[in-house]
Structures are given as structure tokens and as C-alpha cells.
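Asks:
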Amino acid sequence: MAMVSDEATSFCSHCVRAVPSANIDLHYAHCVRNLERCKMCGDMVPRKHAEEHYLSRHAPVACSLCSETVERETLDVHRGENCLQRIVTCEYCEFPLPAIDLFEHQEVCGNRTEYCHLCRRYIRLRDRCVHETSCNGVFENTAGSSR
């Protein structure tokens, strides 16, 4: 069972944590001597680990795919979502290619056609999803009447 404390708290002006008022002076002396705020992310880091923190989270590193320099902490997001050289898949043919080439490839690939056996028309791949929901299987003669 958790005990509810009515003890007054104060906020440490160095780390901005709530500390029991009776301990604030001792906490503050320890906090100022041993902790520093990271200039990059604002986390409180032990002084003796500040360089290790910087190197493991914020040091600039080059992306192995595109050579762009990013913070180490954001490298995985860059490689997975932002890198123009990351490999993505065409939604029409499932061909893997660099993200920078995807738009141009899909412009060409999406204009290819497939035959619809229900309505007996050729449908562009980029229109296939819309066509599949609206195709009623009725053959539409697109040629005009001979009158």
C-alpha cells in the first residue's frame, strides 16, 4: 500500500525536479556538483558521462547510404524514412529502387495497363484500385453506334 506524504516539496533550480523541502539544500549541492544539462536535448546527465552521452546520442555521423550528416540519435529515422537512397518498393510492380527514383518510376509504371476480364477493358495500373471498386462486370462498348 502506497503511503501518501503531506511533506512539502521544493523544486531544484538546477535540475527542476521536485524534492522534499527538508532535503533541498543537500540535493542542490549534489546536483550542481554531479549533473549538467545537455545542450542538445536538455536531459540531465552525470558530468562524468557527458562526453559519452554526446557521442552516443548527438555526435554527427554520415549516413552510409547517402553520406548526409545527421545526429546519431536520428540516424535510424533518417535511414528508414528520409534518406533519398533508402530502398523502397514500387506499388505497381513491387520492384525495389532508391526513394529518389520512385516518383519517376511510378509515373511510367502506373501508366502500364492490365486487362480486366469482367468489363473487357484495359485499365491503367494507377487506376486499378478505383476500377476494381466500381467495375460492375458489364462490357461497355466504347465505339459509337453505327446510326
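When you number the sequence shown by this note's numbering, it's gap-free, plus one each residue, and the end is 420.
Every residue, glycine too, gets a C-beta built ideally from N, C-alpha and C.
For residue 336, tell me which candidate among 329, 345, 328 has the shortest Cα-Cα distance.
Replies: Checked all of 329, 345, 328; the closest Cα to residue 336 is 345.
Asks: If we count the other Cβ atoms within 10 Å of its Cβ and call it buried at 16 or more, is residue 402 buried or exposed?
Replies: Answer is exposed; the Cβ neighbour count stays below 16.
Asks: Considering only their Cβ atoms, is the gap separating residue 396 from residue 387 smaller than 8 Å?
Replies: Yes. Within cutoff.
Asks: Pull up the DSSP beta-bridge partners for residue 361, would you.
Replies: Answer is 370.
Asks: In this structure, what does DSSP give as the bridge partners for residue 283?
Replies: In DSSP, residue 283 forms a bridge with 292.
Asks: Using the C-alpha atoms, what's the distance from residue 405 back to residue 394?
Replies: Distance between the alpha carbons of residue 394 and residue 405: 12 Å.
Asks: Starting from the C-beta of residue 295, find all residues in its chain whose C-beta is less than 6 Å away, skip the five residues before and the five after it, and write them out in chain order.
Replies: Excluding sequence neighbours, residue 295 sits near nothing in its chain.
Asks: Whole-angstrom Cβ separation of residue 351 and residue 343, contact assumed at under 8 Å?
Replies: That pair is a contact at about 5 Å.
Asks: Name the residue from 382, 391, 358, 282 whose alpha carbon lies nearest to the alpha carbon of residue 399.
Replies: The shortest C-alpha separation from residue 399 is found at 382.
Asks: Take residue 281 and list the residues in its own chain whose beta-carbon comes closer than 6 Å to its own, dropping the five residues that flank it on each side.
Replies: Cβ neighbours of residue 281 beyond the five flanking positions: 294.
Asks: Compute the Euclidean distance between the alpha carbons of residue 319 and residue 307, then round it to the nearest angstrom.
Replies: Taking the straight line from one Cα to the other gives about 6 Å.
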